[in-house]
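Participant: I'd like to ask some things about the structure below.
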Amino acid sequence: ACVNAPMVQINKDYYEDLTPESFEQLLADLRAGKKVKPGPQIDRQFSCPAGGPTTLLNGAAQTKAAAGSKKRAKAAGGAAPAAAGRKPRGLKQARKSGPDDLKLISGIGPKIEKLLHELGIFHFDQIAGWTDAHVAWVDDYLKFKGRIGREDWIGQAKKLAKAGGK
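Per the numbering used here, the sequence shown runs over residues -19 to 146.
This is the structure:
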């Protein structure tokens, strides 16, 4: 959510920090076919407060906190979090029945499907069998940072595999 309302979404674009006057001008420009820059309509970026970010400014503190979590995991008897996980086993090619339509999984579009195919991932049951280490590796490889878990690719893949991809 926007921290500095009012804002409006028009199609896929968001326009933030609008005054009644700037909103009217925005609509007039859109009606006239002019290109309007989405995002904040004042000198602010990334939903930061006016004047810039006010928290999490010390990168050293974040690094120290991350190192502390590894130490706590080891002290608790667990392993430190894996940095990159483990690459899931891929196939050289899809099975004789052909590849499953991985785009049926919410969050996978044509580009991601192509990248998964390059990794040898063609079928729902392959994704359904991923471990946490596999998810971590694919998240890191695709630069997703938790998207696979948020969108529950494994749960969706299990249902699709069970339903025969329908």
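All residues carry an ideal CB built from backbone N, CA and C; glycine is no exception.
If I measure Cβ to Cβ from Val115 and keep anything under 6 Å in the same chain, skipping five residues before and after, which residues do I get?
Facilitator: If we look at Val115 and ignore the five residues flanking it on each side, its Cβ neighbours are Ile128.
Participant: So what does DSSP say about Lys0, is it helix, strand or coil?
Facilitator: Looking at the sequence provided, one finds Pro at residue 0 rather than Lys. Three-state result, Pro0: helix.
Participant: Decide yes or no for the touch test of the segment 78 to 86 against the segment 109 to 126: beta carbon pairs closer than 8 Å, at least 3 of them.
Facilitator: No, they do not touch.
Participant: Just how far apart, CA to CA, sit Ser86 and Phe104?
Facilitator: Answer to the nearest angstrom: the Cα atoms are 12 Å apart.
Participant: So, helix, strand or coil for Ala60, using DSSP?
Facilitator: Legend: pLDDT at Ala60 = 48, less than 50; position of this residue unreliable, value from coordinates given subsequently. Ala60: coil per DSSP, three-state reduction.
Participant: Rounded to whole angstroms, what's the CA-CA distance from Thr34 to Ala143? Just pull it up for me.
Facilitator: Answer to the nearest angstrom: the Cα atoms are 49 Å apart.
Participant: In or out: Asp9 buried (at least 16 other Cβ within 10 Å) or exposed?
Facilitator: Exposed: under 16 other Cβ atoms inside 10 Å.
Participant: From the DSSP output, in three-state form, read off Asp120 for me.
Facilitator: Three-state result, Asp120: helix.
Participant: Quick check for students: name the residue ranges of the alpha helix (DSSP H) that lie wholly in the segment 61 to 113, counting only runs of 4 or more.
Facilitator: Whole alpha helix (DSSP H) segments, 4+ residues: 90 to 98, 104 to 108.
Participant: What is the DSSP secondary structure of Gln(-11), reduced to helix, strand or coil?
Facilitator: DSSP places Gln(-11) in strand when its eight states are reduced to three.
Participant: Quick one: Cα of Gly78 to Cα of Met(-13), how far?
Facilitator: Each residue's Cα considered, the two are about 46 Å apart.
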